[in-house]
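Asks: Would you mind keeping the following structure in view while I ask a few things?
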Amino acid sequence: MNDGSPFSSPLLDQVGGFVDGAWILAEVRPCFVVTDPANGEVLAYVPELGAAEARAAVEAARAALSRVGSLAERRGWLTRIAELLTEHADELAMIITRENGKPLGEARGEVLYAAGFYAHAATSAEHLVPRVLDERPRGLTWTVHHRPAGVVGLITPWNFPLAMLAKKLSAALAAGCAAVVKPAEVTPLTCVAFFRLLERVGLPRGLVNLVAGDAQAIGEVLCSHPAVRVLSFTGSTAVGRKLAAQAAPHLKRLSLELGGNAPCLVFEDADLDATVEALVANKLRAAGQTCVCTNRVLAHASIADALATKLASRVAALVVGPGTEPNVDVGPLIDGRGWDKVHDHVEDAVERGASVVGGALADRPTETDGWFFRPMVLSGVPLDARCMQAETFGPLLPIATFTTEDEAMAIANDVDAGLAAYVFTADGARAERVARGLRFGHVGLGTATGPTPEAPFGGMGASGYGREGGLEGLMEYVEIQTVPSS
Ligand code: NAP
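Heads up: the sequence shown at position 170 corresponds to 284 in our numbering, and the numbers run straight through without jumps.
What follows is the structure, given as structure tokens:
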């Protein structure tokens, strides 16, 4: 980046949108500012694109569909993308850390995780070969083709600026689609750097396009342009609902990966030390700003105090600070709005009778202080507290209690969201029983790990519909066509 800012990266020598194989740079247009959440430093000025550029991107993508390569060629592109990500993991990790705040080790993990989606799509694309079926009574042979859906719109959030795009774009490219990508306004630079790498892959011009800027205007184009056949969105449930309403008259196929409110059920026979380790890793990745992280700890009443004590001592040992510093476990929150929400959830729970057992509320920082929030543990949290009802998206571990398995499941299911849930018990039969009763798309039994490229991941209820990863994720981007012949 050559704008005199304190941050430079060889992958950010051009900062802007990328439409029809050309960069749209700042020069005369208005720009938005990208800042570092750890200290408020300006990282870059990014041209603010809107409806006109989104339309141009869709048209470029439509034209590129005729240049999409064979399955073998597409698998080669995907493999090359995975290699490039791996080769440039350190540079990309630094960009993620600077604009998103997460510690460098986590950011590097995100890059390799993203690479895994491209590598996996390169192999799973083999499932797209036509399937031949015989219909005995009439003697017909049916061929089931997986045709590319066409132009796809991909809208991504800031919490995993590279990985959330990887889940979508890997499957879209494998299927033979052309894409228009809209990254989050607070973290566009990772995407810009990624597109600099994509230029080295040799994709046909216009096959991938990047349009950062006016979300409302770009969203409207992606929802209404006739050439866009699939819109895949990861973000909040509120915006997901809006896009679903906007896209409905145009009968767009939607894939919506929305907010979560994950319960973690800890039964009386659980290994508490192992549970605490799993919970801390799951909850405090990205400072608690993940859709899959535990939002509500539901503990059996007989072990709730012991669990709270262990959790409190574990989080007290964590180092909170800028993600660029070594040994930091928890970086800043993304912005002041995010910080205020966590603070509000703590205050609200305490007003309703919860006790603070780990951490303490601090005064609101300024942007230059960085949006740091020390992890907190609350016990005795009533079920009507905001942190039980809605996604906190921050480093807060609120503990509520239950006494029976049925009660635990009823509390867990008593929310609109249905993305991830976790169960810790030594009783395998109970774990299976509880998983069957939970209305969540991803249920960890004795583990709180998140999605992988191999497994389909997605939500139920207000967490959206559609799947990413696995064969199901690939199928989001194909049209199935059956061709009978005699
Ligand atoms: P968000 O505010 O919904 O934004 C997500 C994306 O949508 C951003 O690119 C944003 O652009 C764009 N957007 C906002 N308003 C829009 C509109 N009217 N039309 C079109 N696009 C619009 O969500 P976020 O705060 O970035 O992300 C956090 C949320 O994502 C959480 O709820 C989290 O649980 C969820 N999430 C879900 C998953 C999953 O797999 N289910 C994974 C990760 C995150 P701007 O940034 O320019 O406003």
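Yeah, the Cβ is synthetic: ideal placement off N, Cα and C, and Gly gets one too.
Which residue marks the beginning of the beta strand (DSSP E) containing residue 466, and which one marks its end?
Replies: First-last for residue 466: undefined, no H or E at that position.
Asks: Look at the alpha carbon of residue 168 and the alpha carbon of residue 591, and state the distance between them as a whole number of angstroms.
Replies: In a straight line, the C-alpha of residue 168 is about 20 Å away from that of residue 591.
Asks: Going by C-alpha distance, which of 552, 534, 585, 548 is nearest residue 565?
Replies: With distances taken between Cα atoms, residue 565 lies closest to 534.
Asks: So residue 595 is in the beta strand (DSSP E); what residue range does that whole segment cover?
Replies: Its beta strand (DSSP E) spans residues 592-599.
Asks: In the DSSP assignment, find the unbroken alpha helix (DSSP H) run with residue 60 in it and report its ends.
Replies: With the chain covering 115 to 600 only, the question about residue 60 has no answer from this structure.
Asks: Which runs of the alpha helix (DSSP H), 4 residues or longer, sit entirely within the region 492-574?
Replies: Listed in chain order, the complete alpha helix (DSSP H) runs (minimum 4 residues) inside the region 492-574 are 500-503, 519-527, 542-551.
Asks: Residue 309: beta carbon under 7 Å from a heavy atom of ligand 1?
Replies: No, the Cβ of residue 309 stays beyond 7 Å of every heavy atom of ligand 1.
Asks: Do residue 459 and residue 407 have their CB atoms nearer than 8 Å?
Replies: Not closer than 8 Å, so no.
Asks: Taking only the alpha-carbon atoms, compute the straight-line gap between residue 491 and residue 511 and give it to the nearest angstrom.
Replies: Their Cα atoms are separated by approximately 5 Å.
Asks: Are there any heavy atoms of ligand 1 lying less than 7 Å away from the beta-carbon of residue 554, as far as the coordinates show?
Replies: Outside the cutoff, so no.
Asks: Can we count residue 138 as close to ligand 1, meaning its CB is less than 7 Å from some heavy atom?
Replies: It does not: the Cβ of residue 138 is nowhere closer than 7 Å to a heavy atom of ligand 1.
Asks: Write down the C-beta distance between residue 178 and residue 372 rounded to the nearest angstrom, noting that I regard them as a contact closer than 8 Å.
Replies: Not quite, the Cβ-Cβ distance comes to about 29 Å (not below 8 Å), so this is no contact.
Asks: Alpha carbon to alpha carbon, how far is residue 517 from residue 523?
Replies: Each residue's alpha carbon lies about 11 Å from the other.
Asks: Can you tell which of 232, 209, 340, 308 has its C-alpha closest to the C-alpha of residue 172?
Replies: When each option's Cα is compared against that of residue 172, the closest is 340.
Asks: Ends of the beta strand (DSSP E) at residue 259?
Replies: 254-262 is the span of the beta strand (DSSP E), which, as asked, contains residue 259.
Asks: Are at least three pairs of beta-carbons, each pair with one atom in the region 347-357 and one in the region 191-211, less than 8 Å apart?
Replies: Short answer: they don't touch.
Asks: Measuring only the C-alpha atoms, how far is residue 118 from residue 176?
Replies: Residue confidence is low: residue 118 scores 47 on pLDDT, short of 50, so the model does not pin down where it sits. Its coordinate-derived value is still stated next. Using only the alpha carbons, I get a separation of about 37 Å.
Asks: Nearest CA to the CA of residue 153: which residue from 285, 480, 553?
Replies: Nearest of 285, 480, 553 to residue 153, Cα basis: 480.
Asks: What residue range is occupied by the uninterrupted beta strand (DSSP E) comprising residue 423?
Replies: Element bounds for residue 423: not the beta strand (DSSP E) but the alpha helix (DSSP H), 418-430.
Asks: Would the beta-carbon of residue 501 be found less than 7 Å away from any heavy atom of ligand 1?
Replies: No, Cβ of residue 501 sits at least 7 Å from all heavy atoms of ligand 1.
Asks: Say the cut is 7 Å; is the CB of residue 295 nearer than that to a heavy atom of ligand 1?
Replies: Not under cutoff, so the answer is no.
Asks: Buried or exposed for residue 306, going by 16 or more other Cβ atoms inside 10 Å?
Replies: That one is buried.
Asks: So who's on the other strand from residue 153, going by DSSP bridges?
Replies: Bridge partners of residue 153: none, in fact.
Asks: Per DSSP, residue 209 forms a beta bridge with which residues?
Replies: Answer is none; residue 209 lacks a bridge partner.
Asks: Heavy atom of ligand 1 less than 7 Å from the Cβ of residue 214, yes or no?
Replies: Flag unset: Cβ of residue 214 not near ligand 1.
Asks: Could you give the first and the last residue of the continuous beta strand (DSSP E) run that contains residue 305?
Replies: Not the beta strand (DSSP E): residue 305 falls in the alpha helix (DSSP H), residues 303-312.
Asks: Does residue 353 come out as helix, strand or coil in the three-state DSSP assignment?
Replies: Of the three classes helix, strand and coil, the one that applies to residue 353 here is helix, per DSSP.
Asks: When the Cα atoms are used, what is the spatial distance from residue 364 to residue 266?
Replies: Distance between the alpha carbons of residue 364 and residue 266: 14 Å.
Asks: Can the beta-carbon of residue 342 be found less than 8 Å from the beta-carbon of residue 324?
Replies: Contact flag unset, no.
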